[in-house]
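At position 264 of the sequence shown (counting the first as 1) the number is 371 in the numbering used here, and the numbers step up by one without a gap.
A virtual CB, placed ideally from N, CA and C, is assigned to each residue, including glycine.
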Amino acid sequence: MSWGTELWDQFDNLEKHTQWGIDILEKYIKFVKERTEIELNYAKQLRNLSKKYQPKKNSKEEEEYKYTACKAFLSTLNEMNDYAGQHEVISENMTSQITVDLMRYVQELKQERKSNFHDGRKAQQHIETCWKQLESSKRRFERDCKEADRAQQYFEKMDADINVTKADVEKARQQAQIRHQMAEDSKADYSSTLQRFNQEQWEYYHTHIPNIFQKIQEMEERRIVRIGESMKTYAEVDRQVIPIIGKCLDGIVKAAESINQKNDSQLVVEAYKSGFEPPGDIEFEDYTQPMKRTVSDNSLSSAKEGKPELKFGGKSRGKLWPFIKKNKLMSLLTSPHQPPPPPPASASPSAVPNGPQSPKQQKEPLSHRFNEFMTSKPKIHCFRSLKRGGATPEDFSNLPPEQRRKKLQQKVDDLNKEIQKETDQRDAITKMKDVYLKNPQMGDPASLDHKLTEVTQNIEKLRLETQKFEAWLAEVEGRLPARSEQARRQSGMYDGQTHQAVTNCAQDRESPDGSYTEEQSQERELKVLATDFDDEFDDEEPLPAIGTCKALYTFEGQNEGTISVTEGEMLSVIEEDKGDGWTRIRRSEDEEGYVPTSYVEVYLDKNAKGAKTYI
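Dropping the structure here:
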C-alpha cells in the first residue's frame, strides 16, 4: 500500500489530513501540559496541607505529640509530604520526557511537511506549465491548418477565374504554399510538445508524485508512532513512582499500627498526676451549737480572730480544694458576700464612703455556700491577679509534687546537655590551641585563652546550676510520700512571690506558736493551683451582656470582686441582682465586678427574662 499509487489524485486531501495530524499532536501536548500543572498544584496543596497540620515549634501543641496516636499522625503528615514529592516527580518527568520532546518534534514535523508539499506543488506547477504549452501549440497548429486550407481554396478559385491575371494567380499560389508550410511547422511543434508533455506527465504521476506522497506517508506514520510512544511514556512515568507511593502508604499503615492505647493512657497519667492523696472525709458539723457555726462566706477573706475553721476529717484535711470545679471556686473567691453599702444621702461622690461590712451581718451556713458552688458563674479576677503578681518559681514549687519532679528532671537533663555541648566546645578549643602551639604559623595560641576561659566559666556555672536542681529533685523524690510537708514547703515558697497579688483572695493565718494552721494550708494550696490552672481560666469566654446601667453615685470598690464606678458612667450588665443587693457589671473585656444595686440604674434588654429597672 502506497499513498503515491493509491492516492495520486488526492493532493489537497492529503494536505488537510497531515495538518489534522499535527493538530492532534499539539492537542496531546496541551493535554500533558495541563496534567503536569494538575500534578504540581496537587503536590503543592498536599504540602500546604501537611505543613498546616504540623505542630508549631515551642508550643503546647508540640508537647502533645508524645502520644503514639499523635506520633502516627505526624508520620502520616511526613509521608504525605513525600507522597506530594512523587507527584512533583511525575510532573517533572512528563515535562522533560513528553512535553519538551514532542514540542521539538512538532516543529521538525511542520518543517518536513512544508518541504514535501512544496515539492508537490512545484511538480504540479511544472506539469500545468507543460499542459499550457501543449494547448498553445495545439491551438497554433489548428489555426495554421485552417489558414493553409483557406489559402489553398483562394488559390484554386483564382486559378479557375479567367478574368484574373497571371500575376494574381501566382501570388495566390505562393501564399497558399507559405500557409501550408506554416501548418507543417506547427504540426511538427505540436507533435514534439505533445511527446514532451506525455513524458512529463508520466514522470509526474509515476515518479514525482509517488515519491513525494511516499515521504508524506512516512512522515505521517512516524507521527503516529511518536504519539504512541509518548502515550507509553505517559503511563511509565506514573508507573515508576507507584513503588515509592506504595512505600509512603505502607509508612502510614505502619504508623497506624504503632499506636498503643495503653502507652497513651500511661502518658496521660504521667502528664497530669499530681502526687496528692485523695481528700478524706469531712467531719460532721453540729449546728445545734450556735457558737460553732461556720462562717463560710468569710472562710477565705476574713481576719483570723473569731473565725471558726472549716474542719476536714482524717489526715487528708485541706485536700478538697484542688478537686473543686474551677469556675465554682472562682465564684466563691470573688463574689462579695456582704451587704452592699447604702446609697449616699446626696449625689456627691464623697457623701457616703464605701463602708466596711456590717458586724451584724448574718453568717451563711456551709450548705448554702456549697450550693453557691454549684450555681454561681465563674469570676476569675482572683486567679488572674495571682498570675500577674509574680513569675513561676525557679524550683517549680507552684506545681504538684509529681509534676514538679518531672519539670526538675527535665531541667536537669537540659542542663546536662548544655554542659556536654560546652565541654565539647572546650575540647575543640584545647585541640586547636595545641595545634597552634605545634604550628605557630597557623595562629596565635594566646588568642584562644579568652574563649577557653569563658567556656570553662560557663561549664562551672552550668554545673552549679545542675547541682542546685539536682538537690531540689532529690528533695522532691525523697519527700513525695510526705504530702503535708511538701504542700507546706510549696505554699511557703510560693506565698513570698505572690503575696501582693493574693492579698484580696486570702489572708494570712498563723497559730500563736507561728506554725501554719489547716486553713492557711488550704489557702496556699489554692494559690499553688491557681497559676497551674490559670491558662485554662483565660480561655473561658466572658459572660454576655444582658443590658446596660448608669451609675447614680460614685462607688469605690475596695473589696475583692467589686469594681469602682464614677457617677454618670455607663457600663454593661452581665448578671442581675439575685437578692443579695449586688449587681455584676463590666467596663471592658478584662475589667468586671460587683457594685451595689442601689448605686446604679439598670436597663435590661427587652428580650431578657424578667426585665425590670432598679432605681
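Please report the residue range of the beta strand (DSSP E) in which residue i lies.
i, result
"ILE681", "677 to 682"
"PRO703", "698 to 703"
"SER695", "689 to 695"
What first and last residue would you give for the alpha helix (DSSP H) that runs through residue i?
i, result
"TRP110", "110 to 113"
"VAL196", "175 to 201"
"VAL271", "Segment: none, VAL271 is in no alpha helix (DSSP H) and carries neither H nor E."
"ILE351", "316 to 364"
"MET549", "No alpha helix (DSSP H) holds MET549; DSSP gives it neither H nor E."
"SER372", "368 to 379"
"ALA150", "118 to 159"
"LYS167", "167 to 170"
Using the Cα positions of residue i and residue j, report the straight-line distance between them to the nearest angstrom.
i, j, result
"PRO677", "GLY654", "Reading the sequence as shown, one finds Met at residue 677 and not Pro. Distance between the alpha carbons of MET677 and GLY654 is about 11 Å."
"LYS685", "TRP579", "49 Å"
"THR206", "GLU219", "20 Å"
"ASN289", "ASP251", "Rather than Asn, the amino acid found at residue 289 in this sequence is Met. Distance between the alpha carbons of MET289 and ASP251: 6 Å."
"PRO651", "GLY664", "22 Å"
"THR563", "ARG533", "7 Å"
"PHE503", "ARG511", "6 Å"
"GLN368", "TYR172", "14 Å"
"GLU242", "GLU336", "51 Å"
"ARG257", "VAL276", "15 Å"
"VAL375", "ILE145", "43 Å"
"ILE566", "ILE526", "6 Å"
"ASP531", "LEU555", "15 Å"
"SER293", "LYS245", "8 Å"
"GLY111", "ALA255", "46 Å"
"LYS399", "GLY382", "Here the model assigns LYS399 a pLDDT of 45, short of 50, so the residue's position is not dependable and the matter cannot be decided."
"GLU698", "ILE670", "8 Å"
"PRO703", "GLU667", "14 Å"
"GLN232", "TYR212", "30 Å"
"ASP116", "GLY227", "12 Å"
"MET549", "GLU561", "22 Å"
"LYS524", "LYS538", "21 Å"
"GLN517", "CYS177", "21 Å"
"PHE320", "GLN302", "26 Å"
"TYR706", "ALA658", "6 Å"
"MET326", "MET338", "19 Å"
"ALA230", "GLN259", "43 Å"
"LYS164", "ARG346", "37 Å"
"ASN270", "THR236", "52 Å"
Roughly how far, in whole angstroms, is the beta-carbon of residue i from the beta-carbon of residue j, given that I think they are within contact range, below 8 Å?
i, j, result
"THR183", "ILE359", "5 Å"
"THR673", "THR690", "Contact doesn't hold; Cβ gap of about 16 Å is too wide."
"TYR149", "HIS194", "5 Å"
"TYR311", "ILE234", "5 Å"
"ARG154", "MET201", "No, ARG154 and MET201 are not in contact; Cβ-Cβ is about 19 Å, not under 8 Å."
"CYS355", "ASP189", "5 Å"
"TYR543", "ASP371", "Wrong, their Cβ atoms sit about 54 Å apart, outside the cutoff."
"ILE197", "VAL344", "6 Å"
"ASN223", "LYS322", "5 Å"
Let's test the definition: count the other Cβ atoms within 10 Å of the Cβ of residue i and tell me whether it reaches 16, buried, or not, exposed.
i, result
"TYR160", "exposed"
"ALA267", "exposed"
"GLN214", "exposed"
"ILE692", "buried"
"GLY353", "exposed"
"TYR701", "buried"
"LEU583", "Residue identity check: residue 583 is Val in the sequence provided, not Leu. With 16 or more Cβ atoms within 10 Å of its Cβ, VAL583 is classed as buried."
"LEU515", "buried"
"THR401", "At THR401, the pLDDT of 44 sits below 50, so the modelled position is not reliable and the matter cannot be decided from this model."
"THR125", "buried"
"ALA274", "exposed"
"HIS557", "exposed"
"HIS315", "buried"
"TYR341", "buried"
"PRO547", "exposed"
"LYS540", "buried"
"ASN305", "exposed"
What does residue i pair with, by DSSP beta-bridge criteria?
i, result
"CYS656", "LEU678 and VAL709"
"VAL672", "PHE662"
Does the beta carbon of residue i come closer than 8 Å to any beta carbon on chain C?
i, result
"PRO386", "Chain labels in this structure do not include chain C; a single protein chain is all it has."
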